[in-house]
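*Asks:*
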Amino acid sequence: MRGESSGLIIGISIGVVIGVLLAIFALFCIRYHRKRSQIGNSSSRRAATIPIRANGADSCNILSDSTIGPESPVKSGRNGMSVWLEGFKRSNVVSVSGIPEYSYKDLQKATYNFTTLIGQGAFGPVYKAQMSTGEIVAVKVLATDSKQGEKEFQTEVMLLGRLHHRNLVNLVGYCAEKGQHMLVYVYMSKGSLASHLYRKVGWEEIVDSRLDGKFDVQELNEVAALAYKCVNRAPKKRPSMRDIVQVLTRILKTRHSKKHQKSLSATADEFSVDLERGETKMTFAEHEHRRDESMDSAADTFEV
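Just so we're aligned: 258 in the UniProt record's numbering is position 258 of the sequence shown, and the numbers increase by one with no gaps anywhere.
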């Protein structure tokens, strides 16, 4: 009898423990699904309300290493968000990343079957396009010989979509269809920074004359040489962060030593000026003293 009761107690205890574990597991699953649904709703809300700004004339496109022709990039106009949202509501789908996805057919029509070439960059050719909303955009088409895959392209779209700066042209859409990958940017009607720089006659017009004499030429050359190495096309030829820090540290030490030498020379000059002034004062006092003595002797002679 006692054995039966103890077995019953053990069975009930095991059942209670299993029931509690199942209840905890069920609660965990419910909370997990709720969190996933909340994240999905918040991301879709962010995608529908992502702020896309049309930058001013001082913007320049440095994304994807592209070089745009003189008639490409930055148009300022109506509120960028309202303009693009109009287009989204009409025909475009906002992707999970929050960037509008355009169809190949729409971009083909907007670029007149890709005949409006305005530039060429490392990413590929760039075309001027007029969308159905009337907005002018720049469409970058990934080069056919590019090794960038679908995953890399989607990652680039997500990263570029998060970049918002007054000196950067904003990404306003993309296309990944029919084996084509395209990026859609705000069109810079006043030209790129490169086009403005290369139109200049020489460095005399590019460099601000007010900066003349305010920088050490040797130091400027060393920094420029370091920067040139950092943008080398071959990654193996670029300096490491350690090398960069060492060069910059050496430049700073040279600058401090030059400043110290200048301060010492200035102090020496001041000291020599003070000595000269002291000697002048002493000479003048001696001259006055001698003149007084000569006048006294003349007076004594006159009395005699």
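C-beta: ideal position from N, C-alpha, C; glycine also. Just so you know, these numbers come straight off a predicted model, no measurement behind them.
Can you list, in chain order, the residues of its chain whose CB lies under 8 Å from that of Q108, leaving out five sequence neighbours each side?
*Replies:* Residue 108 sits at position 108 when you count from the first residue of the sequence shown. Excluding the 5 residues flanking it on each side, Q108 has same chain C-beta neighbours closer than 8 Å at F114, in chain order.
*Asks:* Mind checking I118: buried by the 16 CB within 10 Å criterion, or exposed?
*Replies:* Residue mapping note: residue 118 aligns to position 118 of the sequence shown, counting from 1. Buried, by the Cβ-count rule.
*Asks:* On the DSSP bridge list, what partners appear for G173?
*Replies:* Here residue 173 refers to the residue found at position 173 when the sequence shown is read from its first residue. As a beta-bridge residue in DSSP terms, G173 pairs with V184.
*Asks:* Which word fits M188, buried or exposed, when buried means at least 16 other C-beta atoms lie within 10 angstroms of its C-beta?
*Replies:* In the sequence shown, residue 188 corresponds to position 188, counting from 1. Buried, since its Cβ has 16 or more Cβ neighbours within 10 Å.
*Asks:* Between M131 and the rest of its own chain, which residues show a CB-CB distance below 8 Å, the 5 nearest in sequence each way excluded?
*Replies:* The residue given as residue 131 occupies position 131 in the sequence shown. Only residues of its own chain outside the window of five on either side were considered, and among them G87, D106, A110 and V137 have a CB closer than 8 Å to the CB of M131, listed in chain order.
*Asks:* Starting from I118, trace the beta strand (DSSP E) both ways and give me its first and last residue.
*Replies:* By 1-based counting over the sequence shown, the position of residue 118 is 118. Boundaries of the beta strand (DSSP E) harbouring I118: L117 to Q120, taken from the DSSP string.
*Asks:* Going by DSSP, what residues sit across from P125 in a beta bridge?
*Replies:* Against the sequence shown, residue 125 aligns to sequence position 125. For P125, which the question treats as bridged, DSSP gives the partners Q120.
*Asks:* Looking only at its own chain, which residues have a Cβ that is under 8 Å from the Cβ of S5, when we skip the five neighbours before and after it?
*Replies:* As a first step, residue 5 is located in the sequence shown; it is residue number 5 there, counting from the start. Nothing meets the Cβ criterion.
*Asks:* From L226, L252 and K253, pick the residue whose C-alpha is nearest to that of S240; which is it?
*Replies:* Within the sequence shown, the letter at position 240 stands for residue 240. Comparing C-alpha distances from S240 to each of L226, L252 and K253 shows the shortest one belongs to L226.
*Asks:* Measure from the alpha carbon of V141 to the alpha carbon of each residue in Y102, S13, E135 and T133, then state which is nearest.
*Replies:* If you number the sequence shown from 1, residue 141 lands on position 141. Closest in alpha carbon position to V141, among Y102, S13, E135 and T133, is Y102.
*Asks:* If you draw a straight line from the alpha carbon of Q154 to that of F123, how long is it in whole angstroms?
*Replies:* Taking the first residue of the sequence shown as position 1, residue 154 is located at position 154. Taking the first residue of the sequence shown as position 1, residue 123 is located at position 123. Those two C-alpha atoms are separated by around 14 Å.
*Asks:* Given a cut-off of 9 Å, decide if G161 and I98 are closer than it, judged by their beta-carbon atoms.
*Replies:* Here residue 98 corresponds to residue number 98 of the sequence shown, with the count starting at 1. Here residue 161 corresponds to residue number 161 of the sequence shown, with the count starting at 1. According to the sequence displayed, residue 98 carries Gly and not Ile. The Cβ-Cβ distance between G98 and G161 falls below 9 Å.
*Asks:* Return helix, strand or coil for A227, following the three-state DSSP convention.
*Replies:* Start at 1 with the first residue of the sequence shown, and residue 227 comes out as number 227. Looking at A227 - three-state DSSP - the assignment turns out to be helix.
*Asks:* Could you check which residue in D208, K253 and Q180 has the C-alpha nearest to that of K147?
*Replies:* One-based indexing of the sequence shown puts residue 147 at position 147. Closest by alpha carbon: Q180.
*Asks:* Which residues does DSSP list as the beta-bridge partners of P239?
*Replies:* Against the sequence shown, residue 239 aligns to sequence position 239. Assignment of beta-bridge partners to P239 by DSSP yields no partner.
*Asks:* Could you tell me if L183 is buried or exposed, where buried requires 16 or more neighbouring beta carbons within 10 angstroms of its beta carbon?
*Replies:* Translated into the one-based positions of the sequence shown, residue 183 becomes position 183. Label assigned to L183: buried.
*Asks:* Evaluate Y127 with the Cβ neighbour count: other Cβ atoms within 10 Å of its Cβ, from every protein chain shown; 16 or more gives buried, anything less gives exposed.
*Replies:* As a position in the sequence shown, residue 127 is number 127, starting the count at 1. With 16 or more other Cβ atoms within 10 Å, it is buried.
*Asks:* Does DSSP classify K140 as helix, strand or coil?
*Replies:* Numbered from 1 along the sequence shown, position 140 holds the residue referred to as residue 140. K140 falls in the strand class under three-state DSSP.
*Asks:* Is the separation between the beta-carbon of E177 and that of Y104 shorter than 9 Å?
*Replies:* Against the sequence shown, residue 177 aligns to sequence position 177. Against the sequence shown, residue 104 aligns to sequence position 104. Yes. Within cutoff.
*Asks:* Nearest-angstrom Cα distance between L220 and Q261?
*Replies:* Reading the sequence shown from its first residue, position 220 is the one you call residue 220. Reading the sequence shown from its first residue, position 261 is the one you call residue 261. Distance between the alpha carbons of L220 and Q261: 19 Å.
*Asks:* Helix, strand or coil: how does DSSP classify S189 here?
*Replies:* To locate residue 189, count along the sequence shown from 1; it is residue 189. Collapsing the DSSP output to three states places S189 in a strand.
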